[in-house]
Structures are given as C-alpha cells and as structure tokens.
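Heads up, the sequence shown is in our numbering, so the first residue is 927 and it goes up one at a time. For glycine and all other residues, C-beta sits at the position ideal for the given N, C-alpha and C. One structure is given here, and the rest of the page talks about it.
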Amino acid sequence: MKNTVMITATVAAFAIFPAQAGETATPAPGEPTLQEVREATLRFADVNVALAEGYIRDPGDHCEVATMMGRPEAEGAMGIHYFRPDLLGISAPPNPRVDGNGTHTDFRQPAVLLYEPQEDGSLALIGVENLVFKAAWEAAGNTEPPRFHGVPYDRMEDDPSTALDEAHNFAPHYDRHVWVHRDNPNGVFAPFNPMATCAHHQGHADHASN
927 MKNTVMITAT
937 VAAFAIFPAQ
947 AGETATPAPG
957 EPTLQEVREA
967 TLRFADVNVA
977 LAEGYIRDPG
987 DHCEVATMMG
997 RPEAEGAMGI
1007 HYFRPDLLGI
1017 SAPPNPRVDG
1027 NGTHTDFRQP
1037 AVLLYEPQED
1047 GSLALIGVEN
1057 LVFKAAWEAA
1067 GNTEPPRFHG
1077 VPYDRMEDDP
1087 STALDEAHNF
1097 APHYDRHVWV
1107 HRDNPNGVFA
1117 PFNPMATCAH
1127 HQGHADHASN
C-alpha cells in the first residue's frame, strides 16, 4: 500500500510539473521527487519563515527577467532571489563577484528561494534553486556538473566580450531552478518561467517593467 501511494504521488508530480523538452525527470537513488520538494518547501510561502531560517533577500533587490540575459521577453522571469549564505558557502562579497565554497545540492532544503512580487506588495513563492560554485565543486573531486533527476545543472559563467552579465554577478557556478510552486510551460527545470512576472516589482528599476 505504501509503495502504491509513493508511485501515485510521483506520477502526479510529473503530470503537474513536466520536465523540459527532452529531459527525463527521474529521481536518482536518495533524491526527492518533485512532490517531496514541493511539500518540504511549502512553509516558505510565508517569506517571514524563510527570513527566520536564515534566508536573505538579494541585496541588489533585482527581480530577474529573461531580457537581462539577452533572452526573449516571452521566456518570462525568475523573480526575486532569497538565499542562505551558509548553504552557498559564501566566502567573498561582490569584489568583483560573489564567490563561495558550498557544495549543497539537497532540494528539500534549497539554498535559494524564488519569489514573485504581487500587486499588494506581498511575495508569492514560485520556485526553488540550488547553486554550487564551479571551483568548489571541482575541488571536491567532481569532474561533471551536479545533476538533479538526471538533468545536469546549468553552467553560468560571464562572457567578458558581451555587455550582459551571464553569471548574475557571481563567480562561475552551476545552478538548477525547479519550478515546484508555479507551473512552467517551458519545463520544471527551465531557467525562466513565462508564468512569472516582475511587473509589480518596486525595487531595482532595471527589471521593474518586465
């Protein structure tokens, strides 16, 4: 009976949160299902719970949108990032880039939470993220990017030949977004979500209109 319930929950999670095209969202041994990630992070729907547990709002107060990465506006937004410095292993502030030594990849306690600003000034939890710095990950003996459900994390590294900051002011790193609190037609592991918006953001002007 227990196994039947687990299988049913897993199938339901995949139906609600499909993977990106071409991806297979199959948990590796010991990994949580998407539904388990959602349930484990539901408490953060109240941003005050996140703050009490050590998450801090992006000091730049950016609401990230696809256009800041040179992507089409239709790809949507990431939202505002709240992160746990200890889980990221932050070792250096933006000088010139944020750096760290953390290798945390457990999505039941994600290092980053994604929030969408609402018209009334509140925040809606829309997704979670884990991020590991490339140098720290390789120093730990890893030769491949981290994976979740068999899908490699995205590699983020700034290209100095472009005007964009492809690494979001961070040192080279790997990251993975998981949209377990907001449907994403582009896939549960897509970086941006067209169902998310920064239209009601009252912070950094660069991203308030998207």
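Considering just the uninterrupted stretch of the beta strand (DSSP E) at residue i, what are its terminal residues?
i        : result
Pro-1138 : Because the chain here runs from 927 to 1136, residue 1138 falls outside it and cannot be looked at.
Val-963  : Counting along the chain, Val-963 falls outside any beta strand (DSSP E), though it belongs to the alpha helix (DSSP H) covering 960-967.
Val-1104 : 1099-1104
Cys-989  : 989-991
Arg-1081 : 1080-1082
How far does the alpha helix (DSSP H) with residue i in it reach, from first residue to last?
i        : result
Val-1058 : Where Val-1058 is concerned, there is no enclosing alpha helix (DSSP H), although the beta strand (DSSP E) it sits in stretches over 1049-1059.
Asp-1012 : 1011-1014
Val-973  : 973-978
Using the beta-carbon count (16 or more within 10 Å), is residue i buried or exposed?
i        : result
Glu-1042 : buried
Asp-1046 : exposed
Val-1106 : buried
Gln-1128 : exposed
Gln-961  : buried
Leu-977  : exposed
Arg-1102 : buried
Thr-952  : exposed
Ala-941  : Here Ala-941 scores only 35 on pLDDT, less than 50, and its place in the model is too uncertain to base an answer on.
Pro-1020 : exposed
Pro-955  : exposed
Ala-1116 : buried
Ala-947  : With a pLDDT of 39 at Ala-947, under the threshold of 50, the modelled position of that residue is not reliable, and the figure given next carries that caveat. So Ala-947 ends up on the exposed side.
Phe-1118 : buried
Val-975  : exposed
Gly-1113 : buried
Thr-1031 : buried
Phe-943  : Per-residue confidence for Phe-943 stands at a pLDDT of 40, beneath the threshold of 50, marking its modelled position as unreliable; no derived number is given.
Leu-968  : exposed
Glu-990  : buried
Pro-998  : exposed
Leu-1140 : Any question about residue 1140 goes unanswered here, given that the chain covers just 927 to 1136.
Leu-1040 : buried
Leu-1049 : buried
Cys-1124 : buried
Thr-993  : buried
If residue i sits next to residue j, beta carbons under 8 Å apart, how far is it from one beta carbon to the other, in whole angstroms?
i        : j        : result
Asp-1025 : Phe-1059 : 6 Å
Ile-1052 : Arg-964  : Going by Cβ atoms, the distance from Ile-1052 to Arg-964 rounds to 11 Å, so no, they are not a contact pair.
Residue j and residue i - do their beta-carbons sit closer together than 8 Å?
i        : j        : result
Asn-1027 : Val-1038 : no
Tyr-981  : Arg-1010 : yes
Ile-1016 : Asp-984  : no
Ala-1000 : Pro-1111 : no
Phe-1074 : Val-1054 : no
Ala-1093 : Ala-1003 : no
Pro-1072 : Met-1082 : no
Glu-966  : Pro-958  : At residue 966 the sequence reads Ala, which differs from the Glu that was named. Taking 8 Å as the Cβ cut-off, Ala-966 and Pro-958 qualify as a contacting pair.
Ala-1061 : Thr-1029 : no
Check whether chain D comes within 8 Å of residue i, counting only Cβ atoms and requiring the distance to be less than that.
i        : result
Pro-1011 : Protein chains in the displayed structure number just one, and chain D is not present.
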